[in-house]
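Structure record follows, encoded as structure tokens.
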Amino acid sequence: MAKDKKDKRSRAAPSATPTPITKAPPSWPPFKPPLPVVDLAVDTLVEDKIVVLRSFFPRSLCRDYVSFLRELPLVTTPGKPKRGEAVRVNDRYQVDDAKFANRLWNETGLKEVVLRDEVAHLWGGEVVGLNPNIRIYRYSPGQFFDAHYDDSNYVTLSTDSVPAISAKTTWTLLLYLTSPADGCIGGETVFYPHDRRSAKEEIAVSLETGMLLLHKHGQDCMLHEAREVTAGEKWVIRTDLCVKR
Ligand SMILES: O=C(O)CCC(=O)C(=O)O
Ligand SMILES: [Fe+2]
């Protein structure tokens, strides 16, 4: 199948929520114990496309976050997508929170890992932080995210540096807070290298509690989906790596 933009657009991920994101950010739990808890290693799953950082959050912190997140006003996605958007059936919370994005970037060890010489070339530019558009997903049994591509977006980052930085997103960041170890069955993130859903070609990433996954998006995004959860709950924090524009 041709990898032209039009085709990708026809199955783009659902766009930002129609509700304006003006709500006050929540009081996210502290990163306790101080992060990182392990020497973070970047493991490549697909060269130049998918990497993971295992034990990015310790299990105890994942538990704290899930307890906290389940009190947020999550909204169930309507089953019927807008024209041209992938079917996403999950419960979701979205907030524009530059402070939390900066905490995830600066207070977890992520920044140091992403800026390492061995991997710095991957990101499509100089990474300056994370997308303040923070998304929380909960998938309960029967919920899934159909095959789609993630778009690159222009964003403005308010970091400690003034003035704000014009940036664009280049890689999707998913932080898994649950896994089979917590009773969540299914929910794997599955990538298809050849722009078609094919069981033979699929690269299925199993959930690991506390694992952070990064995958390239925009023009080079791999077709991907979140498999249906069949038991327990899958919880994910989603943001994106941003490079200077
Ligand atoms: O939940 C997942 O595993 C994938 C989520 C996803 O593809 C997205 O947020 O665009
Ligand atoms: Fe996606």
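Here UniProt numbering is used: the first residue of the sequence shown is 1, the next is one more, and so on.
Yeah, the Cβ is synthetic: ideal placement off N, Cα and C, and Gly gets one too.
All values derive from a computational prediction rather than experimental measurement.
Check: Check: residue 69 C-beta below 7 Å from any heavy atom of ligand 1; Outcome: no
Check: Residues of its chain near residue 10, where Cβ-Cβ distance is below 8 Å and the 5 sequence neighbours each way are ignored; Outcome: Low confidence applies here, because residue 10 scores a pLDDT of 47, under 50, leaving its location unreliable; read the following figure in that light. Cβ within range, chain order: 84.
Check: Backbone secondary structure at residue 55 - three-state DSSP; Outcome: coil
Check: Beta-carbon contacts of residue 3 that lie in its chain and below 7 Å, excluding the five residues immediately before and after; Outcome: With a pLDDT of 42 at residue 3, under the threshold of 50, the predicted position of this residue should be treated as unreliable, and no value is reported.
Check: Cβ pair residue 157, residue 236 closer than 8 Å; Outcome: no
Check: Local Cβ density within 10 Å of residue 234, reported as buried at 16 or more and exposed below that; Outcome: buried
Check: Continuous beta strand (DSSP E) assignments of at least 3 residues falling wholly in the stretch 60-125; Outcome: 91-96
Check: Other residues of its chain near residue 147: CB distance less than 6 Å, five sequence neighbours each side excluded; Outcome: 197, 223 and 225
Check: Residue closest to residue 90, alpha-carbon to alpha-carbon, out of 50, 103, 109 and 138; Outcome: 138
Check: Three-state class that DSSP yields for residue 146 in the structure shown; Outcome: strand
Check: Pair within 8 Å by beta-carbon distance, residue 149 and residue 12; Outcome: yes
Check: Same chain, Cβ closer than 7 Å to residue 109, five either side skipped, listed in chain order; Outcome: 35, 36 and 40
Check: Straight-line Cα distance separating residue 129 from residue 245; Outcome: 12 Å
Check: Outcome for residue 51 when other beta-carbon atoms lying within 10 angstroms are tallied against a minimum of 16; Outcome: buried
Check: Of the listed residues 141, 217, 228 and 185, nearest to residue 49 (C-alpha basis); Outcome: 217
Check: Distance cut-off 7 Å: residue 192 Cβ against heavy atoms of ligand 1; Outcome: no
Check: Residue 151 CB to nearest heavy atom of ligand 2 below 7 Å; Outcome: no
Check: Straight-line gap, residue 238 to residue 29 (C-alpha atoms, nearest Å); Outcome: 16 Å
Check: Residue 218 (DSSP reduced to helix, strand or coil); Outcome: helix
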